[in-house]
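Trainee:
2 protein chains.
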Amino acid sequence: MTSAYQALIGILQKSLVELNEDLNKKPAELYEPQQYILALGGKRIRPLLTLIGCDLFNGDIHEAIHAANTVELFHNFSLIHDDIMDNAPLRRGKATVHEKWNHNIGILSGDAMLVMAYKELAKCKPEHLPQLLALFNQTAIEVCEGQQLDMNFETMNEVSIDSYVNMITLKTAVLLGCSLQMGAIIAGADLETQEHIYNFGKEIGIAFQLKDDILDVYGNTDKVGKQSGGDIISNKKTFLLLKSLELANTSQRMELDNWISKTDFDKNEKVSAVKSIYNQLGIFELSEAEVNRHYESALKNLEWISCDSDKKANLLHFAEALMGREH
Amino acid sequence: MTSAYQALIGILQKSLVELNEDLNKKPAELYEPQQYILALGGKRIRPLLTLIGCDLFNGDIHEAIHAANTVELFHNFSLIHDDIMDNAPLRRGKATVHEKWNHNIGILSGDAMLVMAYKELAKCKPEHLPQLLALFNQTAIEVCEGQQLDMNFETMNEVSIDSYVNMITLKTAVLLGCSLQMGAIIAGADLETQEHIYNFGKEIGIAFQLKDDILDVYGNTDKVGKQSGGDIISNKKTFLLLKSLELANTSQRMELDNWISKTDFDKNEKVSAVKSIYNQLGIFELSEAEVNRHYESALKNLEWISCDSDKKANLLHFAEALMGREH
């Protein structure tokens, strides 16, 4: 899906190797967790978007590499701290930082990684620094707000669809917009163009997160044979559950509430029962429609932008691939 | 002790009120803890140093106020996270953030407060931003390193005096140097002057921390009647303990090791016994000499600096007051 971006990915990989060497410092307890989580891999979508955002407007990629490192370091900082807050034992199949070391090391190495993100940002050209810093600060605070809202939702009885979409926008989507816009800033794109590339990234991010909710229920069972419906089992307030709570009639609502409050149940039975209500309410189609709404909005933002048509086509294909629309 | 700085303190207080209003945002769980810890008070030494550093070189105080807010927000972020890591129930006589709310809110509101520090920094003039950001980043990472070293020392058998002084330098002293230098940067002081005002702050910070170690053992018992020797009771690796471990003969070393390893003991008896060894080894005098060495180094840095002599005298008096050398 990224064949058009092989050159950018190569530059990114080289830069991540250098970043890793930069983290070869003492005290080891502060820096090794940062190297560890970076080495767990991941798709590097955010730093790639920064390079893409720069390349789209014919900027100098090598100038954008520090901003790319910034978003990757920030993303990994948020993973370390989120894993502590979610009490998660595993990340990409390996022990999370607080499990491998301990809670205190998780907190502090995360803090240091957030500062390292700003250290990379400080390497950008001075003329871009005020705007990059303002955008990155705003995004970072929004990601914190999104994480707090996500935690709040866990103990709330009623969460509106709007609140949910606002939460995933803050927690996940704004960083994708920010990643692209940082590249566009470095390439010297005008403010209106910056806004459109930001919104493109943000809308793709929302669509991607909603798609993730759908896939958990309607996704990969046939393909990979793994248990689907993890979100249903854990009562996660996804778009699908919230929409069905909104649309359910009295008896459907009672059945949903019953499954949500049960502590002792057969997992497959719960998944089947809840999925059956989703099907009665047409939740799959409604969710797909919401994905499409955000995807179309992303495309409109991209259409608006003036840039090399091949580069625009590459970004479109990349977005399609992210959304599983590859042909 | 701060009579010469009444005008600066007034500006600072007004700015902190505005900062508090800025933090009146949603979600409340993210912002209220920040308002709470700021409202616990404290001497506001760091932001005052930033204004002093600016005023010393005839800079515009109102321009330095955002940098002053930056160091105060950063300091309070570090308190929230340190209190989690130290499992501290109280801060200035009130519940710590993680006690009043919970651990997750402590982690996340601390993260947000660190970002808020950078948001304040971003309000400084663009021409100062690259240097301010580089200095603040370097300082922030050093403070994290200092906290990690402090945690490491708790479980280490041998800690050298040099390692200890390096730890307190990173954990406490560099932020005082940074606070002053940020003011000097905004006032347009030259690099060599900046370096001297930074070192003045750093050396005062080291001296102040060592003084704190001394006061815990030789300090306020007579004055306030409270239990002194808290560091002795908890086996805290202070300059005094490390120096006595370095100088102790075989029998003194055995007695110290014995008290350190005891889990069941009379607190007053332990304090008396360890203090008696300190007295035999002349630890009070050696510690005071180390304080003086750093204090003198601070003064040499201040002497080097060219500025209004009244302003220099005010800063000298402020440093004397901090060190309890007031007449």
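From first to last, the protein sequence lines are chains F and Z. If you count the first sequence from 1, you need to add 47 to reach the working numbering. If you count the second sequence from 1, you need to add 47 to reach the working numbering. Even for Gly, the Cβ is constructed at its ideal location relative to N, Cα and C. All figures in this text were calculated on a predicted structure; none of them were measured in a lab.
Find the nearest neighbour of Ala187 of chain Z within the set F:Leu77, F:Ala336, F:Ala54 and F:Ala135, judged by alpha-carbon distance.
Mentor: Counted from its first residue, the second sequence places residue 187 of chain Z at position 140. Comparing Cα positions, the closest option is F:Leu77.
Trainee: Establish whether the CB of Met198 of chain Z and some CB of chain F are separated by less than 8 angstroms.
Mentor: Taking the second sequence and counting its residues from 1, the one referred to as residue 198 of chain Z is at position 151. Answer yes: the Cβ-Cβ gap between Met198 of chain Z and chain F drops below 8 angstroms somewhere.
Trainee: Which of helix, strand or coil does DSSP assign to Leu287 of chain F?
Mentor: Residue mapping note: residue 287 of chain F aligns to position 240 of the first sequence, counting from 1. If DSSP states are grouped into helix, strand and coil, Leu287 of chain F belongs with the helices.
Trainee: Would you mind reading off the limits of the alpha helix (DSSP H) that contains Phe121 of chain F?
Mentor: By one-based count along the first sequence, residue 121 of chain F stands at place 74. It spans Ile108 to Met132 - the alpha helix (DSSP H) in which Phe121 of chain F sits, taken as one unbroken run.
Trainee: Which residue marks the beginning of the alpha helix (DSSP H) containing Met163 of chain F, and which one marks its end?
Mentor: Here the question's residue 163 of chain F lines up with position 116 in the first sequence. Counting along the chain, the alpha helix (DSSP H) containing Met163 of chain F begins and ends at His150 to Leu168.
Trainee: What is the residue span of the alpha helix (DSSP H) that His360 of chain Z lies within?
Mentor: Numbered from 1 along the second sequence, position 313 holds the residue referred to as residue 360 of chain Z. For the sequence presented, residue 360 of chain Z should be read as Ala rather than His. Its alpha helix (DSSP H) spans residues Ser356 to Leu369.
Trainee: Please confirm if the region 240–248 of chain F is in contact with the region 115–129 of chain F, defined as three or more CB-CB distances below 8 angstroms between the two stretches.
Mentor: In short, these stretches do not touch, since the Cβ pair count stays below three.
Trainee: Distance, Cα to Cα, Leu161 of chain F vs Glu167 of chain F?
Mentor: The count along the first sequence starts at 1 and reaches residue 161 of chain F at position 114. The count along the first sequence starts at 1 and reaches residue 167 of chain F at position 120. If you take the alpha carbons of Leu161 of chain F and Glu167 of chain F, they lie about 10 angstroms apart.
Trainee: What three-state label does DSSP hand Leu70 of chain Z in the structure shown?
Mentor: For the purposes of this step, residue 70 of chain Z is identified with residue 23 of the second sequence, where counting begins at 1. Note: Leu70 of chain Z maps to coil in three-state DSSP.
Trainee: Interface residues of chain Z around Cys191 of chain F at Cβ under 9 angstroms?
Mentor: Position 144 of the first sequence, counted from the start, is the residue given in the question as residue 191 of chain F. Within chain Z, the residues near Cys191 of chain F are Leu77, Leu155, Ser156, Asp158, Ala159 and Val162.
Trainee: Measure the alpha-carbon distance for Ala231 of chain F versus Leu103 of chain F and round it to whole angstroms.
Mentor: As a position in the first sequence, residue 231 of chain F is number 184, starting the count at 1. As a position in the first sequence, residue 103 of chain F is number 56, starting the count at 1. Answer to the nearest angstrom: the Cα atoms are 8 angstroms apart.
Trainee: For the alpha helix (DSSP H) holding Tyr211 of chain Z, just list the boundary residues, first then last.
Mentor: By one-based count along the second sequence, residue 211 of chain Z stands at place 164. Ile208 to Ile215 is the extent of the alpha helix (DSSP H) around Tyr211 of chain Z.
Trainee: When burial is assigned at 16 or more other CB atoms within 10 Å of the CB, is Gln228 of chain F buried or exposed?
Mentor: Position 181 of the first sequence, counted from the first residue, corresponds to residue 228 of chain F. It counts as buried.
Trainee: To the nearest whole angstrom, what separates the beta carbons of Ser353 of chain Z and Ile324 of chain Z, a pair I think is in contact under 8 angstroms?
Mentor: Working through the second sequence from its first residue, we reach residue 353 of chain Z at position 306. Working through the second sequence from its first residue, we reach residue 324 of chain Z at position 277. That pair is no contact at about 47 angstroms.
Trainee: Listing by chain order, which chain F residues have their CB less than 7 angstroms from the CB of Tyr211 of chain Z?
Mentor: Sequence index remark: in the second sequence, residue 211 of chain Z carries index 164 (1-based). In chain order: nothing, as chain F lies at least about 14 angstroms away.
Trainee: By the 7 angstroms beta-carbon criterion, what residues does the region 165–185 of chain F contribute toward chain Z?
Mentor: Flagged, chain order: Tyr165, Lys166, Ala169, Pro173, Leu176, Pro177, Leu180, Ala181 and Asn184.
Trainee: Would you please state the rounded distance, in angstroms, between the beta carbons of Glu250 of chain Z and His364 of chain Z? I believe it to be under 8 angstroms.
Mentor: Locating residue 250 of chain Z in the second sequence gives position 203, where the first residue counts as 1. Locating residue 364 of chain Z in the second sequence gives position 317, where the first residue counts as 1. Glu250 of chain Z to His364 of chain Z, Cβ: 17 angstroms. No contact.
Trainee: Can you list, in chain order, the residues of its chain whose CB lies under 7 angstroms from that of Ser95 of chain F, leaving out five sequence neighbours each side?
Mentor: For the purposes of this step, residue 95 of chain F is identified with residue 48 of the first sequence, where counting begins at 1. The residue asked about is misnamed: residue 95 of chain F is Leu in this sequence, not Ser. Cβ within range, chain order: Tyr52, Leu55, Ile56 and Leu59.
Trainee: Name the two residues that bound the continuous alpha helix (DSSP H) containing Thr97 of chain Z.
Mentor: Along the second sequence, one-based indexing puts residue 97 of chain Z at 50. Residues Ile92 to Leu103.
Trainee: Are Phe124 of chain F and Ala181 of chain F touching if we call contact CB-CB under 8 angstroms?
Mentor: For this step, residue 124 of chain F is matched to residue 77 along the first sequence. For this step, residue 181 of chain F is matched to residue 134 along the first sequence. Result no, Cβ atoms of Phe124 of chain F and Ala181 of chain F do not sit closer than 8 angstroms.
Trainee: Round the Cβ separation of Phe255 of chain F and Leu369 of chain F to the nearest angstrom and send it over; I've been treating them as touching at under 8 angstroms.
Mentor: Looking up residue 255 of chain F in the first sequence gives position 208. Looking up residue 369 of chain F in the first sequence gives position 322. That pair is a contact at about 6 angstroms.
Trainee: Any beta carbon of chain Z sitting closer than 8 angstroms to that of Ile324 of chain F?
Mentor: For the purposes of this step, residue 324 of chain F is taken as the residue at position 277 of the first sequence. No, because no Cβ of chain Z sits closer than 8 angstroms to the Cβ of Ile324 of chain F.
Trainee: Three or more beta-carbon pairs under 8 angstroms between the region 215–226 of chain F and the region 187–205 of chain Z, yes or no?
Mentor: Counting Cβ pairs under 8 angstroms, fewer than three are found: no touch.
Trainee: Going residue by residue through the region 273–340 of chain F, where are the continuous alpha helix (DSSP H) segments of at least 4 residues, counting only ones entirely within it?
Mentor: Runs of the alpha helix (DSSP H) inside the region 273–340 of chain F: 277–280, 286–294, 297–308 and 314–328.
Trainee: At a CB distance below 7 angstroms, what residues from the region 124–144 of chain Z approach chain F? Give them in sequence order.
Mentor: Per Cβ criterion, the list reads His128, Ile131 and Met132.
Trainee: In this structure, does DSSP put Ile51 of chain Z in helix, strand or coil?
Mentor: Along the second sequence, read from residue 1 onward, the residue named residue 51 of chain Z stands at position 4. The displayed chain sequence assigns Ala, not Ile, to residue 51 of chain Z. Note: Ala51 of chain Z maps to helix in three-state DSSP.
Trainee: Quick one: which chain C residues come within Cβ less than 8 angstroms of Pro74 of chain F?
Mentor: Judged by its chain identifiers, the structure shown contains no chain C, and its protein chains are F and Z.
Trainee: Please confirm whether His122 of chain F and Asp158 of chain Z have their CB atoms less than 8 angstroms apart.
Mentor: For the purposes of this step, residue 122 of chain F is taken as residue 75 along the first sequence, with counting starting at 1. For the purposes of this step, residue 158 of chain Z is taken as residue 111 along the second sequence, with counting starting at 1. Taking 8 angstroms as the Cβ cut-off, His122 of chain F and Asp158 of chain Z do not qualify as a contacting pair.
Trainee: Start and end of the alpha helix (DSSP H) containing Asp197 of chain F?
Mentor: Position 150 of the first sequence, counted from the start, is the residue given in the question as residue 197 of chain F. Unbroken alpha helix (DSSP H) run through Asp197 of chain F: Leu176 to Glu201.
Trainee: Between Ile330 of chain Z and chain F, is the shortest Cβ-Cβ distance under 8 angstroms, so that the two count as touching?
Mentor: To locate residue 330 of chain Z, count along the second sequence from 1; it is residue 283. Closer than 8 angstroms: no.
Trainee: Compare the beta carbon distance of Asp260 of chain F and Ser334 of chain F with 8 angstroms and say whether it is the shorter of the two.
Mentor: By one-based count along the first sequence, residue 260 of chain F stands at place 213. By one-based count along the first sequence, residue 334 of chain F stands at place 287. Yes.
Trainee: In three-state DSSP terms, what is Ala234 of chain F?
Mentor: Here residue 234 of chain F is taken as the residue at index 187 of the first sequence, counted from 1. Ala234 of chain F falls in the coil class under three-state DSSP.
Trainee: Kindly examine the ligand NAD and report whether one of its heavy atoms sits closer than 7 angstroms to the Cβ of Met203 of chain F.
Mentor: With respect to the ligand NAD, the structure offers nothing, as it holds no ligand at all.
Trainee: Should Val64 of chain Z be labelled buried (16 or more other beta-carbon atoms within 10 Å of its own) or exposed?
Mentor: Within the second sequence, numbered from 1, the residue matching residue 64 of chain Z stands at position 17. So Val64 of chain Z ends up on the exposed side.
Trainee: Could you name the residues of chain Z that Ala187 of chain F contacts, counting a contact when the two beta carbons are closer than 7 angstroms?
Mentor: Sequence index remark: in the first sequence, residue 187 of chain F carries index 140 (1-based). Chain Z residues near Ala187 of chain F: Val162.
Trainee: Please say whether Leu287 of chain Z and Val318 of chain Z have beta carbons closer to each other than 8 angstroms?
Mentor: Along the second sequence, one-based indexing puts residue 318 of chain Z at 271. Along the second sequence, one-based indexing puts residue 287 of chain Z at 240. No; because the gap between Cβ atoms is not below 8 angstroms, this pair is not in contact.
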